[in-house]
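Accompanying notes for the structure given below.
There are 2 protein chains.
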Amino acid sequence: MFEFRHALNIKNCLRPFGEVNNLNNGFRQLKLVNLEKLFKPEKVAVVGASRDDGKTGHEVFENLLHGFEGKVVPVNPNAEEVDGEEALDEIPQGMDLAVVVVPGKIVPNVIDDCAEKDVEAVIVISAGFSETGKEDLEKQIVEKAEENGIALLGPNVLGLINTENSMNASFASKMPESGSISFMSQSGAFCTAILDYAKAEHIGFRHFVSLGNKAMINEVDLLQKWREDDTETILSYTEGIDNGREFIEEAKKTSEEKPIVVVKSGRTEQGGGAASSHTGSIAGSYEAYKAAFRKAGIIEAESNRELLDLGRSFNYQPLPEGGKVAIITNAGGPGVIATDEISENGLELAEFTGDTKREMRDFLPEEAKAHNPLDVIGDAGHTLYRKALESALKDEEVDAALVLLTPQANTEIKKTAKTVIKADQESDKPVFACFMGEQDVMKGKRMLEENQVPEFEDPKDAVKALKAMKKYKEFLEKEETSLDLEYDLDKAETALKDYSSYEDAEKLFEAHGFDIALTEVAETPFEGVEAAQGVGFPVVLKVDSPDIDHKTDVGGVVTGVESKQDVKDGFREIMNNVHVNSSGSEIRGIQVQEELDGLEVALGMKRDPQFGPMIMVGLGGIYIEALNDVSFGIPPFAEEEAERMIEELESSELFEGVRGEKHDLEPVKEAIVRLGDLSLEHEEIKEIDLNPAILRKGKLYISDIVLDIE
Amino acid sequence: MFEFRHALNIKNCLRPFGEVNNLNNGFRQLKLVNLEKLFKPEKVAVVGASRDDGKTGHEVFENLLHGFEGKVVPVNPNAEEVDGEEALDEIPQGMDLAVVVVPGKIVPNVIDDCAEKDVEAVIVISAGFSETGKEDLEKQIVEKAEENGIALLGPNVLGLINTENSMNASFASKMPESGSISFMSQSGAFCTAILDYAKAEHIGFRHFVSLGNKAMINEVDLLQKWREDDTETILSYTEGIDNGREFIEEAKKTSEEKPIVVVKSGRTEQGGGAASSHTGSIAGSYEAYKAAFRKAGIIEAESNRELLDLGRSFNYQPLPEGGKVAIITNAGGPGVIATDEISENGLELAEFTGDTKREMRDFLPEEAKAHNPLDVIGDAGHTLYRKALESALKDEEVDAALVLLTPQANTEIKKTAKTVIKADQESDKPVFACFMGEQDVMKGKRMLEENQVPEFEDPKDAVKALKAMKKYKEFLEKEETSLDLEYDLDKAETALKDYSSYEDAEKLFEAHGFDIALTEVAETPFEGVEAAQGVGFPVVLKVDSPDIDHKTDVGGVVTGVESKQDVKDGFREIMNNVHVNSSGSEIRGIQVQEELDGLEVALGMKRDPQFGPMIMVGLGGIYIEALNDVSFGIPPFAEEEAERMIEELESSELFEGVRGEKHDLEPVKEAIVRLGDLSLEHEEIKEIDLNPAILRKGKLYISDIVLDIE
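Below you can see the structure in the form of structure tokens.
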């Protein structure tokens, strides 16, 4: 396990990860108890059960009536009976769960009634709450539920399905097959689409939960539950998370037990706007989500199709030991396509051992070559497929097999499907199939699906799934090392207390152990010359102003200052430029800084409303805006996570040292960890911009600091 | 039309695009005639027609017997009759086309027989030629066909299908529906998969051609044919093109008439290896293909699924006027997903006009908001969909509509499909649909497909198709401007004739109009000091050696040389370094070069075996290898193509000028065009490496030239 607390020998210990936002533990315990009644009630009241076919109140009641193992009671003061069951005027005593389908404004009364009758769980299907601007009404029902220890799902949901007890407490007309995948979605309609795919492709679910407005029960509650129950794979459609740091903590704990696959929508500004207009939720920055997913080991799917593809891959197959894939195909072209995808996705074509090749030559037709991709030739029957697949799967150089099939004249589609199923059952390596086409191959596809061999429309999709599984395996096997760093927090706090100058900023960063480029601030050209002689030529001159964040843009920087005269000229130039381009700015003086030749790196921090401080690293100087080659992380950081942040950059190679230097990412990695700790420690700092910092000879020198302090 | 010939006022006119590789025009004319008999024969002989069910010779004959409007004759000396038709011992007189299904080694005899009987077209389905190493056998049949003016398709093909005359001259069991898409594929098995999808999804084809080993008829022939016939959309699966420059020329002419969509496999080194092992073809570098596709306006699909998605989008729908999309959905979540995809793919969410919004408010339910994405709410019936779609389509701010549907309790799937079909038929804007799910929505999906509304599994795929259509529209509307450049080719040829020194290289590039950094070559430190004084401090010192390509790697470069003493020290340092790191290299001297401060740009040229010279542009210096941010183009270049090459770079912004300079890509663009012309003119130069060139104050200075001359 990752120990977040750094080994500090200073007075103030930095905040460990879990402490933020985790103030209501007592209440959470209460909800955990109640989730039991939400998922496994014995008696359910449908409040607003309707006689009218087509009405939601009717659909829900009918769904519960059929199949559910417990007792279901319709509550409707305007009806005598619903679907042959006597309708009650109010909720009777002894109900475990109430499913509420009445108009939004009546829901508070229903919650009161639930409280009175000791109902412990409520699903509010009704809409008309925060998603239509009625935040007060939503707040009201949550408060009532909280006061009475009621677990509340919704409002504005499709409902909840549990295949364990055959309970369809939703207005979805379909009940999925039973399985060990659990699914949650912020969008109810997304649920119906997923149910429709799942039904056709025989994908089984354990729990199926529409989260809606998430007024009380949210992703964190379900992750806690599913981590501990028999769920094996967790899928989620998410637009926005409110309690980001708590989510990361729960998700990470869960990912260490079972895979979580998420489709995140609202990634773009426009998408986020669309999301907030339909659920009232704030999507937040996608960069923050990507950082959160990395930290928590969450696997991201790009679409609904991929969510299911990844879901069944993880659910049906063991994780591959490595990334070496064997392709068995009856067609060269698709073999080439799959090979391209394998190369492009960081996997490898397995190289068969000599033994395997010899064995293959015995059963392959003359035209076929015993190498990977293994083309068993267009007229291959199922027996040849079987021999090839068995031979490949037992090869120690093979971590996974991908079987491709195109429907040619003599192709035995169903028999080959059977063969693949059998080989999969007998092997402890993952087996994937791609039967290309739609009409002829459908029977084979369906057989594979029913027998839990992940089956894809395109080799590309199979390879993506394998890649995700390999990445998850790496997450499970990751190491997390705490760097042993020291901070002088007294000095840092002093620097911040009366923060007014660049020197204060330098002190803060020195206190946190950063290397700082030698800098003196001069107020006159004469002082400047003295400072330059002290620092040593060549120097850089930079305007020092609390009002100017982007010094270069206003002509506030002069580089290559080589002599006394240069210093004087530079002073004049900067003062003129600033006067013209940024008149009225307060000028504290001119920074005279040693000119360091090295790689320009940018570091920064901003605070995300959902996830707290976000640390940024990237190429600095003129490159940062043009290339936008930056990555983000959420502190605190293990050494390995900081390393991954750098490795995710296109330019990561440069960070290992350029022009003959080699220093293994160490200085930048350490700076990332330090900046993370600094940001967690000093919450009054809203934004930090260190650009450029200069990487040279194994050290990273901070040469500019812009702080935004509350 | 693009006029490739530059306006030159010098003696030697640079080579226009089409002249390369285009030596066999007479023969091509001949083939064009014969393609007529290949696609529209009246009498067909099947040589090798077999009585045995399951044999290829049987399948082919049976396929031709059923449906084909012409006469079919079985040729098989060992049979009395095939499928009730009298079998002949040899090809009779008067046949237009022979389909050959005999073992490979007998095929030359069959071609002889064809020649004797005046057969004008032959499809050689038989395998066992170059794909199994039998290049001689393949050469033999091509020579025989050429001598006798026979058009030869194959060998090693699935065959050819023409729905115009219901001719299935292949061993594919399926005949696609008729339509105006024509398809060619290097892989026969890929054809069978596409046929299977197409059948299920009602995608109609005009011609369906398996190209196999392409011994004679290749992509160029079919492009010529399809450009002139009633084909409206061309699809292709391609592993490798042999005659690259001719292909570009034909494809570009064709793209200007109708869209060409290509799946290119063998993109990676491993994929290319797999390709060459199954068809004997050489895939070549993917960079060259990407450059060729850009030049020719070819749309690239990433997978078989996307090939069909793009195929039917182009075939069924008009091109959008612009990129502004209206989304109509009965579900918020999918609307968010689609919005994200639109933003991420360079399209826009349309902003409805005030009139449209007012109209929408009249028919929308209270909870729905009249903005894009337009969420008509979960219980929307088909009438509401119709009003919303009509309203959006007639809005002048809308270029295309995307209809999303999830199968909710009251969703009218079939009626909504009908509504979408009607709205599409009445509008001249493209309409796309995505009915999410598989089982419940299938009927709606199939209706959409039958009525030519492109229908996608995922909003992502629909957006990709729209993006491709917008890009193609831009290709059709592109301008192609010839830069008016001058070259002194006499000087260039003199420089090349006795090429021996850096000065010669400088002369070559000067003759081609490049700006060159001021450089003198010195042999002694004393000469170096003089040179530096001539050039002006600060200078850079670089070793000048024909044996050293990467000067920095051997310590052969010293920068920041400010004084006489620095020059002397630098000389010593370089000589020592080179002695240690590259002993035995011939040293011509030391280049003393003005030190230019600016953006480091890299330019280069290498020759691709299929496509000829490829010009590269990218970020230079230390960044080129780490970022690999380069793009390639195939000369000659219009100004706009050179511009696109720069714009495709991640770092393109930097090329417009950094630190306050603004010069609109001009200097780099011009250098690309010049380098392209230089490479076409001087074929003896195999490779060129200009790295770095320095972009400063609106000029690009070549500061290093490495040439590889034959």
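Protein chains in written order, with the working numbering: chain A, 277 to 986; chain B, 277 to 986. Each residue gets a CB set at the ideal place from its N, CA and C atoms; glycine is no exception.
Where does Ile961/A fall in DSSP's three states? Look at Ile961/A here: in three-state DSSP terms it is strand.
At the level of alpha carbons, what is the spacing between Gly608/B and Ser486/A? Per the coordinates, the alpha-carbon of Gly608/B lies some 13 Å from the alpha-carbon of Ser486/A.
Report the three-state DSSP secondary structure of Arg266/B (helix, strand or coil). Lying outside 277 to 986, the shown extent of chain B, residue 266/B is not represented and no answer is given.
Hey, Lys663/B and Phe639/B are a contact pair by Cβ (cut 8 Å); roughly how many whole angstroms apart? 5 Å
At what residue ranges does the region 669-710 of chain B contain a whole run of the beta strand (DSSP E), taking only runs of 3 or more? 676-681
In three-state DSSP terms, what is Ala572/A? helix
Where Ala448/B falls: helix, strand or coil (DSSP): coil
For Lys973/A, the three-state DSSP class (helix, strand or coil): DSSP places Lys973/A in coil when its eight states are reduced to three.
Helix, strand or coil for Asn438/A? Go by DSSP, reduced to three states. strand
Taking Cβ positions only, does Asp365/B come closer than 8 Å to chain A? no
Give me the residue from Leu471/A, Val386/A and Phe732/A with the minimum Cα distance to Leu586/A. Phe732/A
Counting contacts by CB-CB distance shorter than 8 Å, is Tyr513/A in contact with chain B? Interface with chain B (8 Å Cβ-Cβ cutoff): Tyr513/A is included.
Under a Cβ-count criterion, where at least 16 other Cβ atoms within 10 Å of its own Cβ denotes burial, should Lys571/B be classed as buried or exposed? buried
Would you please verify whether the beta carbon of Pro431/B is less than 8 Å from any beta carbon of chain A? no
Give a yes or no on whether the minimum CB-CB distance between Tyr473/A and chain B is below 8 Å. yes
Counting beta carbon pairs with one atom in the region 698-716 of chain A and one in the region 700-710 of chain B, are three or more of them shorter than 8 Å? By the Cβ criterion, the region 700-710 of chain B is not in contact with the region 698-716 of chain A, since fewer than three pairs of Cβ atoms, one from each stretch, lie closer than 8 Å.
Whose Cβ in chain A lies nearer than 9 Å to the Cβ of Pro610/B? Ser463, Ala465, Phe466, Ala469, Ser541 and Asn580
Any heavy atom of the ligand MN closer than 7 Å to the Cβ of Val830/B? Looking at this structure, you won't find the ligand MN or any other ligand, since it has none at all.
Quick one, which residues of the region 342-360 of chain B are near chain A if we go by CB-CB under 9 Å, in chain order? none
Beta-bridge partners of Ser955/B, as assigned by DSSP: Paired residue(s): none; Ser955/B is not in a bridge.
I'd like to confirm the pairing. Which residues does DSSP put opposite Lys818/B in its beta bridges? Val833/B and Gln867/B
Simplified DSSP assignment, three categories, for Leu983/A: strand
Output needed for Ile613/B: all residues of its chain with C-beta closer than 6 Å, excluding positions within five of it in sequence on either side, in chain order. Pro735
Going along chain A, which residues have a C-beta under 9 Å from Gln369/B? Chain A residues near Gln369/B: none, gap ~31 Å exceeds 9 Å.
Buried or exposed: Asp233/A, going by 16 or more other Cβ atoms within 10 Å of its Cβ? Lying before the first or after the last residue shown, residue 233/A is absent from chain A, which here runs from 277 to 986.
How about Glu533/B and Arg581/B: do their beta carbons lie closer than 8 Å? No, Cβ-Cβ distance for Glu533/B and Arg581/B is not below 8 Å.
Taking only beta-carbon positions, decide if Lys721/B is within less than 8 Å of chain A. no
Can you find at least 3 beta carbon pairs, one from the region 395-414 of chain B and one from the region 369-377 of chain B, that sit closer than 8 Å? yes
Which same chain residues, not among the five before or five after Arg291/A, have their C-beta less than 6 Å away from its C-beta? Residue placement at Arg291/A is flagged as unreliable, the pLDDT there being 39, under the threshold of 50; the coordinate-derived value follows with that caveat. If we look at Arg291/A and ignore the five residues flanking it on each side, its Cβ neighbours are Leu956.
Which residues in the same chain have their Cβ closer than 7 Å to the Cβ of Phe315/A, if we skip the five residues on either side of it in sequence? Asn438 and His483
Taking the beta strand (DSSP E) that Ile367/A falls in, what are its first and last residues? Neither: Ile367/A is in no beta strand (DSSP E) and is coded neither H nor E.
is_contact[Gly622/B, chain A] using C-beta, thresh 8 Å: No, Gly622/B does not count as interfacial toward chain A.
Candidates Pro452/A, Asp497/A, Val652/A and Cys467/A: closest to Ile479/A by CA position: Minimum Cα-Cα distance from Ile479/A among the listed residues Pro452/A, Asp497/A, Val652/A and Cys467/A corresponds to Pro452/A.
Classify Gln369/B as buried or exposed, calling it buried when 16 or more other Cβ atoms lie within 10 Å of its own Cβ. exposed
By Cβ distance below 7 Å, which residues in the same chain neighbour Glu356/B in space, the five residues on each side in sequence not counted? The answer, listed in chain order, is Ala363.
To the nearest angstrom, how far is it from the Cα of Lys600/B to the Cα of Thr695/B? Roughly 22 Å between the two C-alpha positions.
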